[in-house]
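Residues 502 to 1221, numbered by this note's numbering, are exactly what the sequence shown covers, in order. For each residue, glycine too, the CB sits at the ideal point set by N, CA and C. Just so it is clear, the structure is predicted and the values come from calculations on it, not from any experiment. Working notes, beginning with the structure itself.
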Amino acid sequence: MKFFLFLLLLLESIPINAQHQDKVDFVRGEVSITPLPKQKRIMGEVAYTFEVLADVDSVFLDAQNMSFSTVKLNGAKAKYSNTDKIISIHKKFKKGRSYILLLDYSATPKQTVYFLGWDDDLVDNEQTAPLVRQSEPTGSQGLPSGKQDVPSEKQVWTQGQGKYTSHWLPSFDDMEEKVEFDLNITFDDSYEIIANGKLVSAKNNRTGKKTWHFDMQQPMSSYLLAFVVGNYEKQELVSNSGIPITNYYYPEDSLRVEPTYRYTRRIFDFLEDEIGVKYPWQNYKQIPVQDFLYAGMENTGTTMFSDGYVIDSTAFTDKNYVNVNAHEMAHQWFGNLVTEKDGNHHWLHEGFATYYAYLAERELFGDDHFYWKLYTSLMQLQGLAERGEGESLLNPKASSLTFYEKGAWALFMLREQLGDEAFNTGIQNYLQKYSFKNVTVSDFLEEMEKASGSSVSDFKKDWLDNKGILLNDAKEKLSGYSPSLQLLFDMEAESKKTNNDTIDYGKYWNGSPSIHLKEYILETHRNGLPEEIIEKAFASDTVPIRQALSMATDVKKYPKEAFESLLNDKSYVTVENALFKLWETYPRDRKVYLDKTKELIGLPNKNLRLLWLTLAMLTQEYQGSQTKVYFDELSGYTDARYSFEVRQGAFFYLKEAFGLTDQNLKDLIQAATHHSWQFKKFARDTLDELLKDPDYKKRVQNLTNELNGEELRYLNSIGY
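Next comes the structure, spelled out in structure tokens:
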């Protein structure tokens, strides 16, 4: 059994039909906001400076469900109309004139701004000091010991991806409207406030709060505007080119800063050198937040990412931030500096960020890592094509797999066609020509043709228009660069010609030092491998190889002591797999295995602790007096104070092994209204299954008096 939480693709919804005002140009926005987290409201003021390019009788801003107390144009009260989506200003605007539009407003965002932890019963005031989580003590082998029984951080953070900033700021859903935004944020001074741009000042005011002023020097699309409120400390770095880099972390995570942000400065310097265009913004910040909707988001100079990536050195081998780090950083050029006109050109964002993140990993981990990553991606795309789900990169509704992975492959193949020099020149010309502007795929291809002096029409047909994938061409390129992949392709060809039992796997295992090839052989052919290879695999000190062993379906095929040695590995995933399979296979030794692993927590989703609690309670006569303590701990992890990854794991084990208490049911109903669509879907599917049981259905009915309006509305909508 293997229970993975948090396998997040970087899913993105980009608007295609946002309205563009081509007769006016909004140049600057001075924004002042006060978040009111207990009310889940934003009080704000914004002053926009705009220029009129042609006579027009109205201008508009996207404003979702907002109330306006002041609407002034050049200091005078303005005529306006306000729907639940747009505010329109009515006047005969004259070509060549500039105007300043002032709006005072309030908003209760249904999305985009997320207020976490403010409903805690321990909070009495509108804005109170943050509750600090206790740190986890460190046990042997670098593995944390003990349990973590603490409330979640109190945070406010935004995710304006696509067209959603208009839920908290009158702004522009159209990505073509680029504005130089300055942000002023007023909040309790016991918190850290982080936003786009350079922090110019942070001053206390007469209300007992503080106002932070952030200055931007260059224009950007509204969807990239962002702010975070939370309890943070920071690590400060400087790139080779002098750009300040600030990595934020929770105070209790000081020992996790290095593994979490490992290689950050090296990635930054590599991307700036590789792309050949200076980083376009004043500074770069990275901020972990709880229950983020995606793995990360590339807000201008201000990347937010899931705090599930805040890890220790042991977890680094299982799940690290390196790829997400490089991907979001690459977006600062591809997506932020140069922005697509609309979703028809989304490849220009995601394919480019994915490709350059792969190049950064190549710089860090070598060629073998790079080409095997491309091969894994290629197989995913081929699977999509074989299922009849292949997509053109120019399809605005294509999947993330297409935009990200096929997009990266398209760039890899284009570089192969043009050569490094022409490719790099074309990229640089493209970025410089369209800096702080919007682009189409045709704009990009035109620059690549100019730089190379050759046509890219065949490339466009084969890799952009084509719904399928040129598998043979791609594999030929890979085999030409990677000896280990050539061995893999030889092994695959041999397996097609003969029975797998006759293949000399030792020839392929010993034919390359590639960890990736050995891992593949173990995962794909473990049941037919000779004892010699198994012995070598167990003798290895390489995490991926031993982790592949831990996934065995039949543990008894392996030497018992060798498999038990996996419990000593510095890999939480390996230990999780080995613990369950040893516990299942050798009942008489369950106490030994539980004693050995009782202090382990695991990844940020507490994968090991949740499994251990479950197995301890299922083991007869194992510390029987502690069973209630164990159940209370496991049951407590469904509480909304914990990250949705932890909660999801707790719900899973409780449902499968013990059943849910009334409090767990209340937590599950609350989870069914959670802002994370992945977790919400899990909760709703679980609830649907439980409600088929008459006992559970009756218990849920008895809890209705303890539920809030949103929770009741959901239950009523499914006819519980």
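Exercise. Leaving out five residues before and five after residue 1092 in sequence, what residues of the same chain have Cβ atoms less than 8 Å from its Cβ?
Worked result: For the purposes of this step, residue 1092 is taken as the residue at position 591 of the sequence shown. Hits under 8 Å: 1120, 1123.
For this session: Ignore the nearest five residues each way along the sequence and tell me which others in residue 918's own chain have a CB closer than 7 Å to its CB.
Result: In the sequence shown, counting from the first residue as 1, residue 918 sits at position 417. Contacts found: 960.
Exercise. How about the segment 715-724 and the segment 660-678: do they share at least three Cβ pairs that are nearer than 8 Å?
Worked result: yes
Exercise. For residue 1014, is the classification buried or exposed, using 16 other Cβ atoms within 10 angstroms of its Cβ as the cut-off for buried?
Worked result: Here the question's residue 1014 lines up with position 513 in the sequence shown. When all chains shown are included, residue 1014 counts as exposed.
Problem set entry | Inter-residue CB distance, residue 607 and residue 542 (contact presumed, cutoff 8 Å) | Taking the first residue of the sequence shown as position 1, residue 607 is located at position 106. Taking the first residue of the sequence shown as position 1, residue 542 is located at position 41. With a Cβ gap of about 6 Å, residue 607 and residue 542 count as contacting.
Exercise. For residue 704, does the three-state DSSP call read helix, strand or coil?
Worked result: Within the sequence shown, the letter at position 203 stands for residue 704. Looking at residue 704 - three-state DSSP - the assignment turns out to be strand.
Exercise. If we ignore side chains and look at the alpha-carbon of each, how far apart do residue 894 and residue 904 end up?
Worked result: Position 393 of the sequence shown, counting from 1, holds the residue named residue 894. Position 403 of the sequence shown, counting from 1, holds the residue named residue 904. Answer to the nearest angstrom: the Cα atoms are 6 Å apart.
Exercise. DSSP three-state call for residue 537: helix, strand or coil?
Worked result: Position 36 of the sequence shown holds residue 537. Here DSSP, grouped into helix, strand and coil, assigns residue 537 to strand.
For this session: Compare the Cα-Cα distances from residue 953 to each of 966, 965, 929 and report the closest residue.
Result: Sequence index remark: in the sequence shown, residue 953 carries index 452 (1-based). It is 929 whose Cα lies nearest to the Cα of residue 953.
Problem set entry | Check whether residue 972 and residue 833 have beta carbons under 7 Å apart | Within the sequence shown, residue 972 is the residue found at index 471, counting from 1. Within the sequence shown, residue 833 is the residue found at index 332, counting from 1. Their beta carbons are not under 7 Å apart, which means residue 972 does not touch residue 833 by this criterion.
Exercise. Does DSSP put residue 1203 in a helix, in a strand, or in coil?
Worked result: Within the sequence shown, the letter at position 702 stands for residue 1203. Here residue 1203 sits in helix by DSSP.
Exercise. Would the beta-carbon of residue 1073 fall within 7 Å of that of residue 1103?
Worked result: As a working note, residue 1073 is residue 572 in the sequence shown. As a working note, residue 1103 is residue 602 in the sequence shown. Yes, the pair counts as a contact, with Cβ atoms nearer than the cut-off.
Problem set entry | Every unbroken beta strand (DSSP E) within the segment 672-706, with a cutoff of 3 residues, ordered by chain | 679-688, 693-696, 699-705
Problem set entry | Alpha-carbon to alpha-carbon, residue 1175 and residue 1181 | Counted from its first residue, the sequence shown places residue 1181 at position 680. Counted from its first residue, the sequence shown places residue 1175 at position 674. If I take the Cα positions, the gap works out to 5 Å.
Exercise. How far does the beta strand (DSSP E) with residue 789 in it reach, from first residue to last?
Worked result: In the sequence shown, residue 789 corresponds to position 288, counting from 1. Where residue 789 is concerned, the enclosing beta strand (DSSP E) stretches over 785-790.
Problem set entry | Unbroken alpha helix (DSSP H) run spanning residue 1108, endpoints | For the purposes of this step, residue 1108 is identified with residue 607 of the sequence shown, where counting begins at 1. First-last of the alpha helix (DSSP H) with residue 1108: 1108-1119.
Problem set entry | Where residue 840 sits in the DSSP three-state scheme | If you number the sequence shown from 1, residue 840 lands on position 339. It is a strand residue.
Exercise. Going by the beta-carbon positions, is the gap between residue 940 and residue 825 smaller than 7 Å?
Worked result: Within the sequence shown, residue 940 is the residue found at index 439, counting from 1. Within the sequence shown, residue 825 is the residue found at index 324, counting from 1. Their beta carbons are not under 7 Å apart, which means residue 940 does not touch residue 825 by this criterion.
Problem set entry | Beta-carbon contacts of residue 1218 that lie in its chain and below 8 Å, excluding the five residues immediately before and after | Along the sequence shown, one-based indexing puts residue 1218 at 717. Excluding residues within five positions, none has a Cβ falling inside 8 Å.
Exercise. Alpha carbon to alpha carbon, how far is residue 544 from residue 687?
Worked result: Within the sequence shown, numbered from 1, the residue matching residue 544 stands at position 43. Within the sequence shown, numbered from 1, the residue matching residue 687 stands at position 186. Rounded to whole angstroms, residue 544 to residue 687 spans 10 Å at the Cα level.
Problem set entry | Where the beta strand (DSSP E) containing residue 607 begins and where it ends | Here residue 607 is taken as the residue at index 106 of the sequence shown, counted from 1. Here the beta strand (DSSP E) through residue 607 covers 599-608.
For this session: Check the DSSP bridge columns for residue 771 and list the partner residues they point to.
Result: Within the sequence shown, numbered from 1, the residue matching residue 771 stands at position 270. For residue 771, which the question treats as bridged, DSSP gives no partner whatsoever.
Exercise. What residue from 1131, 1065, 1032 has the CA that sits closest to residue 1117's CA?
Worked result: The residue you call residue 1117 lines up with position 616 of the sequence shown. The option with the nearest alpha carbon to residue 1117 is 1131.
For this session: Taking 8 Å as the threshold, find out whether the segment 920-927 comes into contact with the segment 754-770 through three or more Cβ pairs.
Result: no
Problem set entry | residue 1165, DSSP secondary structure in three states | Here residue 1165 corresponds to residue number 664 of the sequence shown, with the count starting at 1. DSSP places residue 1165 in helix when its eight states are reduced to three.
For this session: Answer yes or no: do residue 717 and residue 754 have a C-beta to C-beta separation smaller than 7 Å?
Result: Position 216 of the sequence shown holds residue 717. Position 253 of the sequence shown holds residue 754. No, these two residues do not count as a Cβ contact at 7 Å.
Problem set entry | Sequence-distant residues of the same chain with beta carbon closer than 6 Å to residue 571, five excluded per side | Against the sequence shown, residue 571 aligns to sequence position 70. Within the same chain, residue 571 has close Cβ partners 605.
Exercise. Which residues does DSSP pair with residue 525 in a beta bridge?
Worked result: Residue 525 sits at position 24 when you count from the first residue of the sequence shown. Its beta-bridge partners are 553.
Exercise. In angstroms, rounded to a whole number, what distance separates the CA positions of residue 1178 and residue 612?
Worked result: Against the sequence shown, residue 1178 aligns to sequence position 677. Against the sequence shown, residue 612 aligns to sequence position 111. Using only the alpha carbons, I get a separation of about 12 Å.
For this session: Could you tell me the boundaries of the beta strand (DSSP E) in which residue 715 lies?
Result: Working through the sequence shown from its first residue, we reach residue 715 at position 214. Run containing residue 715: 711-716, per the beta strand (DSSP E) assignment.
Problem set entry | Chain-order list of residues whose beta-carbon lies under 6 Å from that of residue 915 (same chain, five-residue window excluded) | The residue given as residue 915 occupies position 414 in the sequence shown. Result list for residue 915: 960, in chain order.
Exercise. Which whole-angstrom value describes the C-beta separation of residue 1114 and residue 1146, a residue pair presumed to lie in contact below a C-beta threshold of 8 Å?
Worked result: Mapped onto the sequence shown, residue 1114 falls at position 613. Mapped onto the sequence shown, residue 1146 falls at position 645. Wrong, their Cβ atoms sit about 16 Å apart, outside the cutoff.
Exercise. For residue 1221, which three-state DSSP category applies?
Worked result: Residue numbering aside, residue 1221 sits at position 720 when the sequence shown is read from its first letter. Residue 1221 falls in the coil class under three-state DSSP.
Problem set entry | Segment limits, alpha helix (DSSP H) that includes residue 825 | The sequence position of residue 825 within the sequence shown is 324, counting from 1. That run of the alpha helix (DSSP H) goes 823-831.
For this session: Within the same chain, show all residues whose beta-carbon is closer than 8 Å to that of residue 1099, passing over the 5 residues directly before and after it, in chain order.
Result: Taking the sequence shown and counting its residues from 1, one reaches residue 1099 at position 598. Excluding sequence neighbours, residue 1099 sits near 1113, 1117.
Exercise. So, helix, strand or coil for residue 617, using DSSP?
Worked result: Taking the first residue of the sequence shown as 1, we reach residue 617 at position 116. Three-state result, residue 617: strand.
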